[in-house]
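Here's the structure, in C-alpha cells; my notes come after.
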Amino acid sequence: MRRFRLDTLRAFARGTRASAGLELGLGALGLLSGAALCFDLYARVEADTACARLAVTMADYVSRGPDTDQGTLDGGALKALGLFLHENELGAAADLVFVVSAFRQPPGTPAPAVKVMWTDNHLRYGDAAVTAKLVDGCPRFLGTSAGRTTAALPEGFTLDAGEVAVVAEVCARLRGAGSLTGRFVAGDIYRQHVLPARAPERPLPAPVHSRRTAAGGAKAAA
Numbered sequence: 035m036r037r038f039r040l041d042t043l044r045a046f047a048r049g050t051r052a053s054a055g056l057e058l059g060l061g062a063l064g065l066l067s068g069a070a071l072c073f074d075l076y077a078r079v080e081a082d083t084a085c086a087r088l089a090v091t092m093a094d095y096v097s098r099g100p101d102t103d104q105g106t107l108d109g110g111a112l113k114a115l116g117l118f119l120h121e122n123e124l125g126a127a128a129d130l131v132f133v134v135s136a137f138r139q140p141p142g143t144p145a146p147a148v149k150v151m152w153t154d155n156h157l158r159y160g161d162a163a164v165t166a167k168l169v170d171g172c173p174r175f176l177g178t179s180a181g182r183t184t185a186a187l188p189e190g191f192t193l194d195a196g197e198v199a200v201v202a203e204v205c206a207r208l209r210g211a212g213s214l215t216g217r218f219v220a221g222d223i224y225r226q227h228v229l230p231a232r233a234p235e236r237p238l239p240a241p242v243h244s245r246r247t248a249a250g251g252a253k254a255a256a
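Numbering (my numbering), first residue to last: 35 to 256.
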C-alpha cells in the first residue's frame, strides 16, 4: 500500500509539472502574439498619421500654383516631392500613391455642378501592380457619369462661386509592420486634404509630366 501511494504521488507530480510547463508555453505564446499584434497596430496608426501629413504637404504645394515665370505646374517637381515624402516622411515600408485634383465652382444661380478641372494620378511609388490597384480605388472626390470624370464631393462640401480647390488624396498599402492590421482589419490607408488655390486670379493648370527619350529629348508622359 505504501509503495502504491508513493508511485501515485510521483505520477501526480510528473503530471503536474508537465501541465504547468504546457500552460507556461501557451501563456508565453499568447503574450508574444499579443505584443506582436500591439506593435503591428501601433505601426499602422503611426503610418496613418504620417499619410495625413503627406496629404497636407502635397495639397499645400499644389495650391500655391505654378511658378510665376513658367506658368505650368512642374510634374517632375511633384514626383520629386512625392518621392521625398515616401522615403523620408512616411516612416514605413509601403506602396504609396497621390491623387491630386483641382475643382472649380462655376458661377450661377442656382449653383451649377462643381467642375473637375483636372486630376493627376502619376505620383506612384512602389510596386507597379499594387500602385495601379491603389489608384483605381483611391479617389473619393471623383466619380464618373456617362464616361466622364465628375466631382463626387462629400455631403456639405461647398465652394463659393469661382472658387478653386485643390484636393490631395493619399493611399498606401503597408508591406511590413502594420500590414497585418491593414490586411485583416482596416484595409488600405486613405487620407485627404483640401485647400483653396492661393492665387485664384491665376490659372491652375494640370501638372505637366515628361520623360526622357532615347535621343535625349523629352515628351509628354502618358
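C-beta: ideal position from N, C-alpha, C; glycine also. Note that the structure is a prediction, hence the values are computed from the model and not measured.
Problem - Selection from Gly99, Leu117, Ala81 that minimises the alpha carbon distance to Ala199 - result: Gly99
Practice task
Leaving out five residues on either side along the sequence, give the residues of the same chain with a beta carbon under 7 Å from the beta carbon of Thr220.
Solution key: Residue identity differs from the one stated: residue 220 is Ala in this sequence, not Thr. Excluding sequence positions up to five before and after Ala220, its CB lies within less than 7 Å of the CB of Arg78, all in the same chain and listed in chain order.
Problem - Among Glu203, Pro241, Leu124, nearest to Ala93 - alpha-carbon criterion - result: Glu203
Handout entry: Backbone CA spacing between Arg209 and Arg138 [nearest angstrom]
Key = 37 Å
Practice task
With a threshold of 7 Å, establish whether the CB of Gly142 neighbours any heavy atom of the ligand SAM.
Solution key: The ligand SAM is not part of the structure shown, which contains no ligands of any sort.
Exercise for the section: Return the first residue and the last residue of the alpha helix (DSSP H) that Asp170 is part of. Expected result: DSSP places Asp170 in the uninterrupted alpha helix (DSSP H) bounded by 162–171.
Practice task
Give the range of the alpha helix (DSSP H) segment to which Ala202 is assigned.
Solution key: Looking at the DSSP string, Ala202 is not in any alpha helix (DSSP H); the run it does join, the beta strand (DSSP E), is 198–208.
Handout entry: Beta-carbon spacing of Val242, Ala185 below 8 Å
Key = no
Exercise for the section: Measure the alpha-carbon distance for Tyr76 versus Gly212 and round it to whole angstroms. Expected result: 7 Å
Exercise for the section: Say whether the segment 128–142 touches the segment 152–160, bearing in mind that this needs 3 or more beta-carbon pairs closer than 8 Å, one atom from each stretch. Expected result: yes
Problem - Host beta strand (DSSP E) of Leu112 (start-end) - result: Run containing Leu112: none in the beta strand (DSSP E); it sits in the alpha helix (DSSP H), 109–118.
Practice task
Going by CA-CA distance only, name the one from Leu193, Gly177, Ile223, Arg225 that's closest to Pro234.
Solution key: Leu193
Problem - Outcome for Leu71 when other beta-carbon atoms lying within 10 angstroms are tallied against a minimum of 16 - result: Exposed, by the Cβ-count rule.
Handout entry: Distance between beta carbons of Thr106 and Ser135, contact taken as under 8 Å
Key = With 8 Å as the limit, Ser135 and Thr106 do not qualify as a contact, their Cβ atoms being about 17 Å apart.
Handout entry: Residues near Gln226 by beta carbon distance below 8 Å, same chain, minus five either side
Key = Ala89, Arg174, Phe175, Val201, Ala202, Glu203, Val204
Exercise for the section: Would you kindly check if the distance between the Cβ of Val164 and the Cβ of Arg232 is under 8 Å? Expected result: Cβ distance not < 8 Å, so Arg232 and Val164 don't count as in contact.
Exercise for the section: Report the three-state DSSP secondary structure of Leu229 (helix, strand or coil). Expected result: strand
Exercise for the section: Grab me the residues of Pro237's own chain with a C-beta within less than 7 Å of its C-beta, minus the 5 sequence neighbours each way, in chain order. Expected result: Closer than 7 Å at the Cβ level, and outside the excluded window around Pro237, lies no residue.
Problem - Ser97 versus Leu229 - alpha carbon distance - result: 7 Å
Practice task
Report the three-state DSSP secondary structure of Arg138 (helix, strand or coil).
Solution key: strand
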